[in-house]
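Q: Sharing a structure here in structure tokens format.
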Amino acid sequence: MTRSVFRFLSRQPDMPELHSDRHLLRLPRFRDFEPWHQLRRESRAFLQPWEPTWRADELTERAFRQRVLRNEQEFHSGMAVPFFLFDREESALLGGLTIGLIRRGAAQSCMIGYWMGQRHAGQGHMFAALQLAIPYIFGPLELHRIEAACIPDNVNSLRLLEKTGFEREGLLRDYLKINGEWRDHLLYSLIGGHRARNGKTPL
Numbered sequence: 001m002t003r004s005v006f007r008f009l010s011r012q013p014d015m016p017e018l019h020s021d022r023h024l025l026r027l028p029r030f031r032d033f034e035p036w037h038q039l040r041r042e043s044r045a046f047l048q049p050w051e052p053t054w055r056a057d058e059l060t061e062r063a064f065r066q067r068v069l070r071n072e073q074e075f076h077s078g079m080a081v082p083f084f085l086f087d088r089e090e091s092a093l094l095g096g097l098t099i100g101l102i103r104r105g106a107a108q109s110c111m112i113g114y115w116m117g118q119r120h121a122g123q124g125h126m127f128a129a130l131q132l133a134i135p136y137i138f139g140p141l142e143l144h145r146i147e148a149a150c151i152p153d154n155v156n157s158l159r160l161l162e163k164t165g166f167e168r169e170g171l172l173r174d175y176l177k178i179n180g181e182w183r184d185h186l187l188y189s190l191i192g193g194h195r196a197r198n199g200k201t202p203l
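Residues 1 to 203 (full-length UniProt numbering) make up the sequence shown, in order.
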């Protein structure tokens, strides 16, 4: 484990929370199972085209508890920060945003991924979540580069990344197996510490 990871771990609370007046990002907890189960179940047809094939036990409480434990292990090892996104006004789970594949050393980068429940989509919630996550990545996490990979026909996700200031870098061929098929992805990035080429400043 590198010195930068030790610095990261020494500064982090057990359960990091990022919030605005309206939104909250925090690590999943066991008590989140029921709202998570309901939201994922009702959004399955909406989410499945953009995600790996769901396992047979995907929505079971046992699988969820294992997921929560794995998320905590990944956070404490400095590998990832897997957040759930909540609406603070309604105390409702909206979706999730994961800061993953954290790389230290010369890279100082990460990959972000996100999902949104169908009934909450298109209302600006994930844009608000990124406005919370990006300063955290470039600030307390001390990373330099954020990457995101998006299926080319996922128009809503492409628009979200571009609205947030991400720049398209290229095509990743057969990058991930999504919904049972190897799919190409467009690679986007956001760089900290300077104005992007498109004239937008990172949030």
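Backbone N, C-alpha and C fix where the C-beta goes; we use that ideal spot for every residue, glycine too.
1) Using 8 Å as the Cβ pair cut-off and three pairs as the minimum, do the region 43-53 and the region 67-74 touch?
2) Identify whether S91 lies in helix, strand or coil by the three-state DSSP scheme.
3) Could you check where the beta strand (DSSP E) with H185 kicks off and where it finishes?
4) Along the chain, which unbroken stretches of the beta strand (DSSP E) at least 3 residues long are found entirely within the region 57-144?
5) Hey, R26 and F84: beta-carbon distance below 8 Å or not?
6) I'd like to check one pair, L171 with L161: are the Cβ atoms closer than 8 Å?
7) Check this for me: beta carbons of I102 and G139, under 8 Å apart or not?
8) Below 7 Å CB to CB, which residues in the same chain sit around N154 once its five sequence neighbours on both sides are set aside?
9) Determine the contact status of L94 and M111, defining contact as a CB-CB distance below 8 Å.
10) Rounded to whole angstroms, what is the Cα-Cα separation between R183 and E169?
11) Among Q123, P152 and S189, whose alpha-carbon lies nearest the alpha-carbon of D174?
12) Taking its Cβ as the centre, do 16 or more other Cβ atoms sit within 10 Å of T2, making it buried, or is it exposed?
13) Count the other C-beta atoms from every protein chain shown that fall within 10 angstroms of the C-beta of R195, then say buried if there are 16 or more, exposed otherwise.
14) On the premise that L143 lies in contact with T164, defined as a C-beta separation below 8 Å, what is that separation, rounded to the nearest angstrom?
15) Can you grab the Cα-Cα spacing for the pair R119 / G96, in whole Å?
16) Apart from the five residues just before and just after G113, which ones in its own chain have a Cβ nearer than 7 Å to its Cβ?
17) Buried or exposed for R40, please, with buried defined as at least 16 other CB atoms from any protein chain shown within 10 angstroms of its CB.
18) Using 10 angstroms around the beta-carbon of L190, count the other beta-carbons present and answer buried if the total reaches 16, otherwise exposed.
19) Take P16 as the anchor and find which of V81, A63 and R31 has the nearest alpha-carbon.
A: On the basis of the supplied data:
1) no
2) coil
3) E181 to I191
4) DSSP runs (the beta strand (DSSP E)) wholly in the region 57-144: 81-87, 92-103 and 109-116.
5) yes
6) no
7) no
8) W50
9) no
10) Approximately 17 Å, taken between the alpha carbons.
11) The shortest C-alpha separation from D174 is found at P152.
12) Unreliable positioning characterises T2 in this predicted model, as indicated by a pLDDT of 41, which lies under 50. The coordinate reading is nonetheless provided below. Around the C-beta of T2, fewer than 16 other C-beta atoms lie within 10 Å, and the residue is accordingly described as exposed.
13) Since pLDDT at R195 reaches only 43, below the 50 mark, its modelled position is unreliable, and the value read off the structure follows with that caveat. When all chains shown are included, R195 counts as exposed.
14) That belief does not hold up - the Cβ atoms of T164 and L143 are roughly 16 Å apart, past 8 Å.
15) CA-to-CA, the gap between R119 and G96 works out to about 14 Å.
16) Closer than 7 Å at Cβ, skipping near neighbours: T98 and G100.
17) buried
18) Taking a 10 Å sphere around the C-beta of L190, we find 16 or more other C-beta atoms and assign the residue as buried.
19) V81
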